[in-house]
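Chains A and B supply the protein sequences, listed in that same order. If you're matching positions, the first sequence starts at 1000 in our numbering and goes up one per residue. If you're matching positions, the second sequence starts at -8 in our numbering and goes up one per residue. Heads up, the thing below is written out as structure tokens.
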Amino acid sequence: MLRRPGATLSPGPAIIVPGNHSSATKLFDKELVTSRPSRGLEQFFAFLRDQVGLSVLDLAGASQQNINFITNLGHRLYSEDFVRTLDDVFGDADPGDQANQGRIDQFLRQTLNFENEQFDGVLVWDVLQYMTPALLAATLERLRTIVRPHAYLLAYFHADEKAQQVPFYSFRIKDSQNLMLAQRGTRKPAQIFNNRSLEKLFQKFESVKFFLTKEQLREVIVRR
Amino acid sequence: MSSMPFKTPEPDSSRGQASIGKAVKINGQIYSKEDLYVDGDVEGTIELQEHRLTIGPNGKVHSSVKAREVVVLGNIQGNVDASDKLEIRKDARLVGDIKTARIIIEDGAYFKGSIDIVKPEPAKAGGSASSQPRPPQQATPVAPANAQGAAVAAEMKR
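In structure tokens form, the structure reads like this:
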């Protein structure tokens, strides 16, 4: 039986769905869960691991595993459910509303209303790919101001440029080098990025590094 | 991550727990010397130093909260200081900053804010009792209505 290197299925409630996973629909009360090493996560936590009392922002909403992991390192965790607020403010029907400046300001007030240089790290996960250009630019600018110099942001972008729908993941930290991805259906991305467009997207940051994964996800580690 | 369903705590008058029903709205400060179950609206502050506060599924609390243990099934908007444990159940919503020794958050719960884990200090040899968490007090006799053990400096509105 072929097995992708580094990819395992977690025991228990994991369900294997044959066929094209990129078109999998939501499985109520069940999740597709994979666990695998993550170079991006490893680099993100290499910076945080040897210090205590730092502030980390998690944009994927609160989860027990992520809370346990980050607080056990001795850090303060801030939780924000970006995608949920995105849907609340803009709705999930028409991404054109994301260019409305008033709504952009409202969204940033609700999600990133923090002091400048407050955070030592941000777990962005895959939320940025659900934003159209105007909202994305404003969000990135705001993220840049609320993280300290030399702090890291970890973001994920689907790499399949032809995909109309992409797997919608819940990202759970297993340890500083391993990530659990629980797929909760699919979602339409607002934009798909290649390496060049990602470099341009983060051009105001100090450095950008990419890792491509087997799930066709680009792990992007960005240094402010 | 546990797959066992959590038992939903219900107000249990036999344990001497005070409760605020879902038709009750309180605006002010609540201090309680026993466990408290809130299923109504509270705006102000809630303080139960050595006891458990449960926000029921209909509970809407716009206040800062301080207790030994806090269980949220409803809605809290305000900071929470739970010296021992905080549980946020599946359909609950908490917006505010948390300070606690332990936190349990179910999938499906909504939380926005910061989390500070503050473990109790280990007891020193021959140290004072105040450095250790005190055990829960014995249940008090059954109390009528909602007022037993809870001093409510407030106006109650129905």
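Don't be surprised by glycine CBs; every beta carbon is placed ideally from N, CA and C.
Put simply, the CB of Asn1194/A is far from chain B, with every gap to its CB atoms at 9 Å or more. Considering only Gly19/B, Ile89/B, His42/B, the residue with the shortest C-alpha distance to Ile67/B is Ile89/B. Arg1048/A counts as exposed, since fewer than 16 other beta carbons sit within 10 angstroms of its beta carbon.
With a cutoff of 9 Å on beta-carbon distance, Arg1143/A and Phe1167/A are scored as not near each other. A contact between stretches requires three or more CB pairs, one per stretch, nearer than 8 Å, and the stretch 1075 to 1094 of chain A fails this requirement with the stretch 1200 to 1209 of chain A. In this structure, the straight-line span from the alpha carbon of Ile17/B to that of Arg1108/A is close to 30 Å. For the stretch 1025 to 1061 of chain A, the continuous beta strand (DSSP E) assignments of 3+ residues that do not extend past its boundaries occur at 1031 to 1036, 1054 to 1057, in sequence order. Residue environment: Gly31/B is assigned as buried (16 or more neighbouring CB atoms within 10 Å of its CB, all protein chains considered). Gly50/B is the residue among Ala92/B, Gly50/B, Gln40/B whose C-alpha sits nearest the C-alpha of Ala14/B. When C-alpha distances from Ala1158/A are compared across Ile1172/A, Asn1177/A, Ile1191/A, the shortest belongs to Ile1191/A. Looking at the DSSP output, Arg1075/A shares a beta bridge with Ser1054/A. Secondary structure at Pro1166/A: strand, using DSSP grouped into helix, strand and coil. Neighbours of Leu1076/A in chain B, taken as residues at a C-beta separation under 8 Å, are given in chain order as Ser105, Ile106. Measuring C-alpha to C-alpha distances from Ala1136/A to each of Phe1106/A, Ile1172/A, Asp1057/A identifies Phe1106/A as the nearest. The beta carbon of Gln1063/A sits closer than 9 Å to some beta carbon of chain B. Between Phe1043/A and Ile1220/A a beta carbon distance of about 6 Å is seen, short of the 8 Å cut, so the two are scored as contacting. DSSP places Pro1148/A in the strand class (E or B) of the three-state scheme. Residue-level contact check: Asp1119/A does not touch chain B, since none of the beta carbons of chain B fall below 9 Å from its beta carbon. Any Cβ of chain B closer than 9 Å to the Cβ of Ser1054/A would place that residue at the interface, and such an atom is present. Between Val61/B and Gly69/B, the CB-CB gap reaches or exceeds 9 Å.
In terms of beta-carbon proximity, Thr1070/A lines the interface with chain B, with at least one pair separated by less than 9 Å. For Leu1040/A, the CB contacts under 6 Å within the same chain, skipping 5 residues up- and downstream, are Leu1178 in chain order. Of all residues in the stretch 1160 to 1179 of chain A, none places a beta-carbon less than 8 Å from a beta-carbon of chain B.
Straight through space, the alpha carbons of Val1123/A and Lys103/B are spaced by roughly 15 Å.
Within the same chain, and ignoring the five residues on either side of Arg1083/A in sequence, the residues whose Cβ sits closer than 8 Å to its Cβ are Gly1060. The DSSP-derived three-state label of Phe1089/A is helix. Contacts with chain A at 9 Å (Cβ-Cβ) include Glu97/B. Asp1104/A: member of the alpha helix (DSSP H) spanning 1100 to 1110, first to last residue. Ranked by Cα distance from Val1051/A, the options Gly1120/A, Gln1100/A, Asp1057/A, Ser1034/A are led by Gly1120/A. Pairing His53/B with Gly35/B gives a Cβ-Cβ distance under 9 Å.
For Phe1113/A, the three-state secondary structure derived from DSSP is coil.
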